[in-house]
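Quick mapping for you: the protein sequence lines, in order, are chains S and Y.
Per the numbering used here, residue 1 is the first one in the first sequence, and the count goes up by one each step.
Per the numbering used here, residue 1 is the first one in the second sequence, and the count goes up by one each step.
Note that the Cβ used here is the ideal one computed from N, Cα and C, for glycine as well.
Computed from a predicted model, the values in this text were never measured in an experiment.
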Amino acid sequence: MCIFNYESGSRDNSPVFKRRSFIKTLIAFPLGLILASSPLSWANPPTSEVNTTGLAVTDDTVTVGILHSVTGTMAISETGSVQAEKLAIDQINAMGGVLGRKIEYIQEDGASDWPTFAEKSKKLLVNDKVASVFGCWTSASRKAVLPVFEQYNGMLYYPTFYEGLEQSPNVIYTGQEATQQIIAGIDWVVKEKGAKTFYLLGSDYIWPRTSNKIARKHIEKLGLKVVGEEYYPLGHTQFNSVINKIKLKKPDVIYAIVVGGSNVAFYKQLKAAGIDLTKEKPLLLTISVTEDEILGIGGENIEGAYAAMKYFQSLDNPNNQAFVQAFKDKWGKDIVIGDVTQAAYLGPWLWKAAVEKAGSFDIDKIRAASPGIELTTAPEGYVRIHENHHLWSKTRVGLAQKDGQYKVVYESEELIEPNPFPVGYQ
Amino acid sequence: MFEEYSMAELTDILFMQGFAGLILFSVLVLMALGLAIIFGQMGVINMAHGEFMILGAYTTYLTSHIFETYLPALFDGYFFVAMALAFLVCFALGVLVEWGMIRFLFKRPLDTLLATWGLSLILQQSYRTVFGAREVGVTLPEWMMGSYSMTETIEVPINGIFVMVLTLFIASGVYFLMFRSLWGKQVRAVVQNRPMAGAVGIDTGKVDRYTFGIGCGIAGIAGSAFTMIGSTGPTSGQLYIVDTFLVVVFGGAQSLIGTIASAFTISQSQSTLEFFLSGSMAKVITLLIVVGILMLRPQGLFALKIRQ
Chain S
1 MCIFNYESGS RDNSPVFKRR SFIKTLIAFP LGLILASSPL SWANPPTSEV
51 NTTGLAVTDD TVTVGILHSV TGTMAISETG SVQAEKLAID QINAMGGVLG
101 RKIEYIQEDG ASDWPTFAEK SKKLLVNDKV ASVFGCWTSA SRKAVLPVFE
151 QYNGMLYYPT FYEGLEQSPN VIYTGQEATQ QIIAGIDWVV KEKGAKTFYL
201 LGSDYIWPRT SNKIARKHIE KLGLKVVGEE YYPLGHTQFN SVINKIKLKK
251 PDVIYAIVVG GSNVAFYKQL KAAGIDLTKE KPLLLTISVT EDEILGIGGE
301 NIEGAYAAMK YFQSLDNPNN QAFVQAFKDK WGKDIVIGDV TQAAYLGPWL
351 WKAAVEKAGS FDIDKIRAAS PGIELTTAPE GYVRIHENHH LWSKTRVGLA
401 QKDGQYKVVY ESEELIEPNP FPVGYQ
Chain Y
1 MFEEYSMAEL TDILFMQGFA GLILFSVLVL MALGLAIIFG QMGVINMAHG
51 EFMILGAYTT YLTSHIFETY LPALFDGYFF VAMALAFLVC FALGVLVEWG
101 MIRFLFKRPL DTLLATWGLS LILQQSYRTV FGAREVGVTL PEWMMGSYSM
151 TETIEVPING IFVMVLTLFI ASGVYFLMFR SLWGKQVRAV VQNRPMAGAV
201 GIDTGKVDRY TFGIGCGIAG IAGSAFTMIG STGPTSGQLY IVDTFLVVVF
251 GGAQSLIGTI ASAFTISQSQ STLEFFLSGS MAKVITLLIV VGILMLRPQG
301 LFALKIRQ
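This is how it looks when you write it as structure tokens:
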């Protein structure tokens, strides 16, 4: 009953809302023309023109939202993303902002709790009317906020590499989807290291399972063999049994997608059990350990492992050197930057580019303008937004060093096309 | 199930899995001892047990830094100092918490559950504020990280042996304290009949305070030892808490022997099942076994006979 009332209420309201905003536009149109003719407004297009849907945009500011966990289990991972987004916003403001407007942000805490994410995203979109949101980290939190963003037509820039199988008109995915990360990495170990047998290992939830499914399909397509596949509950801290199994099966490659605190336990126990990764027999390839995770694992415990990602802090290009320098200047010299942190940094820049291309803050116009947008200043090099809202990006393989950094040993020649719904891999 | 392995490999499997099971057993006992002492003595379920363990881990982290900076020559032995410090720090905080919070809620066990849970949240956020949200890496002396190889496949991790020896040491220490010392006699008297113990002149409040402190102190030592095998972050304590409760409840709340027997059962079934099934399925079946036995024996494996 209650739900019915609510629905019929909103149906009644929507034409009124549209009519009102239509009238506003009618009024705004000649006003905009008058203002546009004055020299000052060339730099600063009038608010009524660039914001027709009532977003939090004034003549000299625009408000965006940052929605990550800064408390709870996920704070460990999401802190880097918050730092990257704030840095990007600062830098954009220093360059004069977006359409002449300084970016202000409202930061909300998802507290590692998915319903809280949904609630806070509704607050940002409905009460604060933010022009875009940079946020979420786990797939679970993204799935929780997705209906909110679609209902209230917001725009979310999502930074994490993830399992794919999603494409929302209200999300731009700045991390890699699974096939971009996995296939290039496996091709590389097969070609360069002559790997024939694989042992797949992961934490037990959607991302590792979907990723390993893609990995297995690809390995079998190449005519090679998966000798074992295992999942452990999130937070599992005892890996001795699986390490014994790995020793007996003697795979060429341990393909590990363990996450969170389990990661630390896994690598420490692997080393303690006498599996020396620097000997490359077995070789370990992971897609879940960034420089951030190595801080907790300890460089000496993971030295010699390989990771397939799109970004490493050690990437040698002028964009990245400037980015790393700026990041350290702002957040301290000891800080490390992982793949997701860089992807989070792209969010505000991609949004800025879309707003400027559209000449408007309106979500619908940003959406229309987004595909094809390029960023030549990205720390990872060059990226471009695909029609499916994911990024074209290169995949790299890094070799973990004792000091906690990766040495880049391979880079795909071409940008890899994002393919969130890979045919033949499901 | 076995046909893919040769006879020699099967022997190796048996040996290595037996050893993995023993390591898991030691880990579980070490985790659960502190909680079992507190639960057995005071009937208080310390939801902040995991956070006390992490306090021990952070103490180890700080000690390693101090040694690295000021006493690099003695770095190889810092771990023992760190464990002693972890005990002292956690003991002190435990006594403080008992004095400031638990003793007022003593007659209301459900409220202590809530209060210690609140304490765990406060501690987590304090760690986050002091040490940052990211996990910290504890550097271990080189000798603790290697393995001792017996044959080509059988390699015994040194940190596993370390945990086993430590557990043996702590467990016998607790046994001595509880059953061979005056203080232990007082503790047991309070457990069996609190008013009577008070009547014969035992300061039950003081006994409670020190029991709580010692329980927390042992948690600290456990946390310190687990820096070898696990992560150290503000919420890492949560990784251990479920297993800890499982061991204590399954063993029978007031019995130390029960705790040890239950840790043994759980660890052996878990590690054997893990080898033949996947990790998640092993966990499910272990939990099913525990639930099944608890349905038949709600008091746990071993229970003290007390006149109610």
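Around S:P233, the beta-carbon contacts reaching into chain Y at under 8 Å are G279, S280, K283. Taking a Cβ-Cβ cut-off of 9 Å, S:K333 has no neighbours in chain Y, whose nearest Cβ is about 15 Å from it. Taking all protein chains in view, the Cβ of Y:R128 is crowded by 16 or more other Cβ atoms within 10 Å, so the residue is classified as buried. Counting only runs that start and end inside the region 226-277 of chain S, the beta strand (DSSP E) elements of at least 3 residues fall at 253-257. Within the region 53-114 of chain Y, no run of beta strand (DSSP E) reaches 3 residues while sitting entirely inside it. In this structure S:V148 is in contact with S:A118, their Cβ atoms being roughly 6 Å apart against a cut-off of 8 Å. For Y:M150 against Y:V156, the beta-carbon gap comes to about 6 Å, under 8 Å, which counts as contact.
Beyond the five residues adjoining it in sequence on each side, S:K407 comes within less than 7 Å, by CB distance, of S314, G398, L399, Q401 in the same chain, given in chain order. Nearest in C-alpha terms to S:P233, of all of Y:S278, Y:I229, Y:Q299, Y:F39, is Y:S278. Look at the region 90-140 of chain S and you find these whole runs of alpha helix (DSSP H), each 4 residues long or longer: 114-122.
Taking 8 Å as the CB threshold, Y:N46 stays off the interface with chain S.
Beyond the five residues adjoining it in sequence on each side, S:T61 comes within less than 6 Å, by CB distance, of R101, K102, E104 in the same chain, given in chain order. Within chain Y, no C-beta atom comes less than 8 Å from the C-beta of S:V226; the nearest is roughly 14 Å away. In this chain, the alpha helix (DSSP H) harbouring S:R209 covers 206-221.
Under the Cβ distance rule, Y:G160 counts among the residues neighbouring chain S, one pair being separated by less than 8 Å.
Partner residues in the beta bridge of S:Y306, as assigned by DSSP, are S:L285, S:L399. By the Cβ test, the region 365-379 of chain S is not in contact with the region 82-90 of chain S, since fewer than three Cβ pairs between them sit closer than 8 Å. Pairing S:G80 with S:T179, the inter-Cα distance amounts to about 24 Å. Ranked by how close their Cα comes to the Cα of Y:M53, the residues Y:V89, Y:A73, Y:L74, Y:F67 have Y:V89 in first place. Counting along the chain, the unbroken alpha helix (DSSP H) around Y:P195 starts and ends at 194-199.
Within the same chain, and ignoring the five residues on either side of Y:I289 in sequence, the residues whose Cβ sits closer than 7 Å to its Cβ are S269. At a cut-off of 8 Å, the C-beta of S:N212 has no neighbouring C-beta in chain Y. When DSSP states are grouped into helix, strand and coil, Y:I229 belongs to the coil group. Beta-bridge partners of Y:E155 (DSSP): Y:S149. For a Cβ distance threshold of 7 Å, residue set I76, G261, G296 of chain S lies close to Y:G233, ordered along the chain. Here S:I416 carries a strand assignment [DSSP, helix/strand/coil].
When the five nearest sequence neighbours on each side are left out, the beta carbons in the same chain lying within less than 6 Å of the beta carbon of Y:A20 are those of S271, in order along the chain.
About 12 Å separates the beta carbon of S:I243 from that of S:L284, a gap too long to meet the 8 Å contact definition. Closer than 8 Å to the CB of S:L277 there is not a single CB belonging to chain Y. Chain S places no beta carbon closer than 8 Å to that of Y:I214, leaving this residue out of the contacts. Taken atom to atom, the span from the alpha-carbon of S:M95 to that of S:I214 is near 42 Å.
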